[in-house]
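The opening residue of the sequence shown carries number 22 in the numbering used here; numbering runs sequentially from there. Glycine included, C-beta positions come from ideal geometry on N, C-alpha and C. Scroll down for the structure; my scribbles are underneath it.
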Amino acid sequence: MSYYAVVSPGLEKLACQELLEKFPGTNVRISHGGLEIDLDLQSGFVLNHTLKIPTRILFRLMQAKVRDLPKLYKKVKALDWRPFYIQAPILEVIHVSAHSSRLFDERKIKKATKDAIEDFFKGTQAKKVDTERLKDIVKDHCPALYLRFKDDELTLSIDTSGDRLDRRGKRSWIGMAPLRETYAHACLLALKEKIEIDAPLCDPMSGSGVFAREALDWNKNNNDRYFSYQSFPITKEVQFPAESETPWKNIIAVESEAKTFEALKHNLKDEVRCIQANALENLEISPGSILIANPPYGIRLKLDNPVAFLNHVVEKLMSYQPKALALLIPKDIKINRRYELLLEFSNGGIPVKLIYFKG
22 MSYYAVVSPG LEKLACQELL EKFPGTNVRI SHGGLEIDLD LQSGFVLNHT
72 LKIPTRILFR LMQAKVRDLP KLYKKVKALD WRPFYIQAPI LEVIHVSAHS
122 SRLFDERKIK KATKDAIEDF FKGTQAKKVD TERLKDIVKD HCPALYLRFK
172 DDELTLSIDT SGDRLDRRGK RSWIGMAPLR ETYAHACLLA LKEKIEIDAP
222 LCDPMSGSGV FAREALDWNK NNNDRYFSYQ SFPITKEVQF PAESETPWKN
272 IIAVESEAKT FEALKHNLKD EVRCIQANAL ENLEISPGSI LIANPPYGIR
322 LKLDNPVAFL NHVVEKLMSY QPKALALLIP KDIKINRRYE LLLEFSNGGI
372 PVKLIYFKG
């Protein structure tokens, strides 16, 4: 049995590193945009609670050559759907992608899939105890199916996550142009690989606090939201790995705008030191601190001259004499000071890079 962890392109190696740190010895293979993970069905559920970089965790149901709709119907109907559903899923949660394949009509593929599962349940009833227990849950949390056709090869998967995994369930107040939690965690992990964490961590442009929140919850299991696998009839009680303290100490979050600062305090409660200040004017922070920031790019939040602004950000933040500075900025922005490139990925359709300056 295998799982597929969907990962934003550019973050696959970090996601693999995170997986092996938390589940040593796991058989994993890196592919473009994800990780193939060998785990049994029940053991894989916990990935949703523990992994911080993947976007979604899919369970592989079948891989087969499928060139026409009758073959698709036959293959899908032959699966035992009782571990995953109490009835056929609605069309809206069946997702199709097709490349270089004879089957490509999304509408027909979705209908054939739904018909096959409906006919399966006509011949094999779900257990009454499962139907009674889950009938209200599946109204709002029907697990999604993913059918991917490539060169006539079908990969059929079921979603175990539900909402994207960056939606942790904690940061309820969101600022403008927010950074996804999965991206923030990857940036922190890339920075952690470069330095010894023996100094305060400060985000001088915190917004609603995603870097601080991810650093704070570094090794915590996410039990603050619902996951799709919890509506599977086969699901048993999940065994979580032991939590450990975060390696990031003395976390500081700085924000200048008043309304955003209120959101920051709401999201971080009293767990992090929050400072209302403009880091580009004056910030009282200890020399030797570790700085990481996602400054405005000038795309969603307009800037007259993004290149000049971001170069000013670099010079001002380096004037605080940090141990290290990591900045997430657009890929095409030229920075005058020498830096090391740590990551490249797409942030909401914008190609970005994480750059590192040693203090």
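Legend entry - Cα-Cα separation between Ala-36 and Leu-90, rounded to whole angstroms: Your numbering for residue 36 matches position 15 in the sequence shown. Your numbering for residue 90 matches position 69 in the sequence shown. Ala-36 and Leu-90 have their C-alpha atoms some 36 Å from each other.
Legend entry - Residue from Lys-160, Leu-301, Pro-343 whose Cα sits closest to the Cα of Ser-307: On the sequence shown, position 286 is the one that residue 307 refers to. Put simply, of Lys-160, Leu-301, Pro-343 the residue whose alpha carbon is nearest the alpha carbon of Ser-307 is Pro-343.
Legend entry - Option nearest Ser-411 by Cα separation, candidates His-206, Lys-241, Leu-32, Ala-274: Here the chain has residues from 22 to 380 only, and residue 411 is not among them.
Legend entry - Close beta carbons around Asn-332, own chain, < 7 Å, minus the five adjacent residues each side: The sequence position of residue 332 within the sequence shown is 311, counting from 1. Excluding residues within five positions, the ones whose Cβ falls inside 7 Å are Ile-356, Asn-357.
Legend entry - Start and end residues, alpha helix (DSSP H) containing Ser-64: In the sequence shown, residue 64 corresponds to position 43, counting from 1. 62-65 is the span of the alpha helix (DSSP H), which, as asked, contains Ser-64.
Inset, instruction - Whole angstroms is fine: what's the gap from Ile-296's alpha carbon to Leu-237's? - result: Counting from 1 along the sequence shown, the entry for residue 296 is found at position 275. Counting from 1 along the sequence shown, the entry for residue 237 is found at position 216. Each residue's alpha carbon lies about 16 Å from the other.
Legend entry - Cβ neighbour criterion (16 or more within 10 Å) applied to Thr-145: Residue mapping note: residue 145 aligns to position 124 of the sequence shown, counting from 1. Note on Thr-145: under 16 other CB atoms within 10 angstroms of its CB, so exposed under the neighbour-count rule.
Legend entry - Inter-stretch contact at 8 Å, needing at least 3 Cβ pairs: the segment 118-127 / the segment 157-165: Cβ pair count under 8 Å is below three, so no.
Inset, instruction - Evaluate contact between the segment 58-66 and the segment 81-88, counting only Cβ atoms and requiring at least three cross-stretch pairs below 8 Å. - result: In short, these stretches do not touch, since the Cβ pair count stays below three.
Inset, instruction - Starting from Gln-146, trace the beta strand (DSSP E) both ways and give me its first and last residue. - result: To locate residue 146, count along the sequence shown from 1; it is residue 125. Neither: Gln-146 is in no beta strand (DSSP E) and is coded neither H nor E.
Inset, instruction - Have a look at Leu-222 and Glu-361 and give me their C-alpha separation to the nearest angstrom. - result: In the sequence shown, residue 222 corresponds to position 201, counting from 1. In the sequence shown, residue 361 corresponds to position 340, counting from 1. Spanning the two alpha carbons is a distance of roughly 19 Å.
Inset, instruction - Report yes if the C-beta distance between His-70 and Asn-240 is below 8 Å; otherwise report no. - result: If you number the sequence shown from 1, residue 70 lands on position 49. If you number the sequence shown from 1, residue 240 lands on position 219. Taking 8 Å as the Cβ cut-off, His-70 and Asn-240 do not qualify as a contacting pair.
Inset, instruction - Report buried or exposed for Val-150, applying the criterion of at least 16 other Cβ atoms within 10 angstroms of its Cβ. - result: By one-based count along the sequence shown, residue 150 stands at place 129. Exposed.
Legend entry - Collapsed DSSP secondary structure at Pro-372 in the structure displayed: Walking along the sequence shown from the start, residue 372 turns up at place 351. Secondary structure at Pro-372: strand, using DSSP grouped into helix, strand and coil.
Inset, instruction - Closer than 6 Å by C-beta to Met-83: which residues in its own chain qualify, once you throw out the five before and the five after it? Chain order, please. - result: Taking the sequence shown and counting its residues from 1, one reaches residue 83 at position 62. The beta carbon of Met-83 lies closer than 6 Å to those of Leu-177 in the same chain, with the five residues before and after it left out.
Inset, instruction - May I have the straight-line CA-CA distance separating Asn-326 from Pro-316, to the nearest angstrom? - result: Stepping through the sequence shown from its first residue, residue 326 is reached at position 305. Stepping through the sequence shown from its first residue, residue 316 is reached at position 295. Roughly 14 Å separates the two Cα atoms.
Inset, instruction - May I ask you to report which of helix, strand or coil DSSP gives Arg-25? - result: As a position in the sequence shown, residue 25 is number 4, starting the count at 1. Checking the sequence, you will find Tyr at residue 25 rather than Arg. DSSP, reduced to helix, strand and coil, places Tyr-25 within a strand of the structure shown.
Legend entry - Segments of 4+ residues assigned as alpha helix (DSSP H) that fall wholly inside the segment 168-224: Restricted to the segment 168-224, the alpha helix (DSSP H) segments that are unbroken, complete and at least 4 residues in length are 202-213, listed in chain order.
Legend entry - Enclosing alpha helix (DSSP H) for Val-234 [first to last residue]: The residue labelled residue 234 in the question sits at position 213 within the sequence shown. Contrary to the premise, residue 234 reads as Arg rather than Val in this sequence. First-last of the alpha helix (DSSP H) with Arg-234: 231-237.
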